[in-house]
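Numbering (the numbering used here), first residue to last: 39 to 383.
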């Protein structure tokens, strides 16, 4: 799997150069252009509202640096696309292109974390030194420093902050909340939460031997847990009886334009929770948060909370989520740890 699109934002100079100036207009114009294009392509309903914008471009002190963050982000995606192109070319050379199922997806929405946008003592906000200042590391050595390495393999200290232009290997910078809001157009919230901005990503499937409708759109919702079920199904394999049954459903019907039948979809991530039944979605921020209810057929951007007007539906869906969480072991961490320890005795 590719590291991008994830911080740290590292890209090659030639790739970055292709996007020079592309984001100088700021968050609003880029976001609005994406919103209009999504509607033209039929990817969202024309009535789908645009969620509130994060960040005010006119209040940004260093707009060149802020635009550069998005240029590097785009360059990362460009390089990933080039890599996938090489994979496709090899499949064609091997005569496997027609009967290979390619599935492309992102595991979450854009990330609002501000990692590396402020320097610190360990990772200073300063120019790159003219020469390496640390001992080089062997190719097999693990880079120290926890989640943020202290240095590059050739001995340069890793730098953070707004004096550090992202891109080179000795930088560690994220593109931040405002650009993540652009990435998640038209939805609200981000990675970590289970509102649409955190979980709604496209899945592209390509399989000439089985998918006849090229360029078609399927609106059946799916989940990461469906990938294994799909692979087992299309390969004609059998899931072992002695294992816990899979939660996912095969997406193969969607390849033929048919709906993927299921009772409901469930999410839990770091205490955030959601259940979707048809077009109704119940979602909660944190373990102590209040449940919010949305009709996604009319409000995909989750701007109108209907929980107060549908208390019975809220209670029923909340109970459904709790039953799923109990059955699958998705519990608040202390309870989960207690259960695991009890099984070990």
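We treat Cβ as the ideally placed atom computed from N, Cα and C, and that holds for glycine. All values reported here derive from a predicted model rather than from experimental measurement.
(message) Could you compute how far the alpha carbon of residue 160 sits from the alpha carbon of residue 199?
(response) Position 122 of the chain shown holds residue 160. Position 161 of the chain shown holds residue 199. So the two alpha carbons sit approximately 12 Å from each other.
(request) Count the other CB atoms, across all protein chains shown, that sit within 10 Å of the CB of residue 130; report buried if there are 16 or more and exposed otherwise. (result) Residue numbering aside, residue 130 sits at position 92 when the chain shown is read from its first letter. Label assigned to residue 130: exposed.
(request) Using only the heavy atoms of the ligand ADP, determine whether one of them is closer than 6 Å to the beta carbon of residue 262. (result) For the structure depicted, the ligand ADP is absent and the ligand set is empty, with no information on it obtainable.
(message) Below 8 Å, how does it come out for the region 297 to 314 and the region 151 to 167: are there three or more Cβ pairs, yes or no?
(response) In this structure the region 297 to 314 does not touch the region 151 to 167; the number of beta carbon pairs closer than 8 Å is below three.
(message) I believe residue 213 touches residue 108 by the beta-carbon criterion, under 8 Å. Please report the beta-carbon distance rounded to the nearest angstrom.
(response) As a working mapping, residue 213 is identified with position 175 in the chain shown. As a working mapping, residue 108 is identified with position 70 in the chain shown. That pair is a contact at about 6 Å.
(request) Measuring alpha carbon to alpha carbon, tell me which of 156, 119, 269, 84 ends up nearest residue 104. (result) Residue 104 sits at position 66 when you count from the first residue of the chain shown. Of 156, 119, 269, 84, the residue nearest in Cα terms is 156.
(request) Check whether the Cβ atoms of residue 319 and residue 310 sit closer than 7 Å, and answer yes or no. (result) The residue you call residue 319 lines up with position 281 of the chain shown. The residue you call residue 310 lines up with position 272 of the chain shown. Not a contact, by the Cβ cut-off of 7 Å.
(request) Could you please give the first and the last residue of the uninterrupted beta strand (DSSP E) stretch that includes residue 314? (result) In the chain shown, residue 314 corresponds to position 276, counting from 1. Residue 314 -> beta strand (DSSP E) spans 310 to 315.
(message) So within the region 285 to 350, which uninterrupted alpha helix (DSSP H) runs reach at least 4 residues, ignoring any that extend past its ends?
(response) You should have 290 to 293.
(request) List the endpoints of the continuous alpha helix (DSSP H) containing residue 237. (result) The residue you call residue 237 lines up with position 199 of the chain shown. 234 to 237 is the span of the alpha helix (DSSP H), which, as asked, contains residue 237.
(message) Quick check: the region 65 to 83 against the region 209 to 226, are at least 3 beta-carbon pairs closer than 8 Å?
(response) A contact exists between the region 209 to 226 and the region 65 to 83.
(message) How far does the beta strand (DSSP E) with residue 273 in it extend, from its first residue to its last?
(response) For the purposes of this step, residue 273 is taken as the residue at position 235 of the chain shown. Per DSSP, residue 273 belongs to no beta strand (DSSP E); it is in the alpha helix (DSSP H), 264 to 273.
(request) Reducing DSSP to helix, strand and coil, say where residue 181 ends up. (result) For the purposes of this step, residue 181 is taken as residue 143 along the chain shown, with counting starting at 1. Reduced to three states, the DSSP call for residue 181 is coil.
(message) Does residue 100 pass the burial test, meaning 16 or more other C-beta atoms within 10 Å, or should it be called exposed?
(response) Counting from 1 along the chain shown, the entry for residue 100 is found at position 62. Exposed, since its Cβ has fewer than 16 Cβ neighbours within 10 Å.
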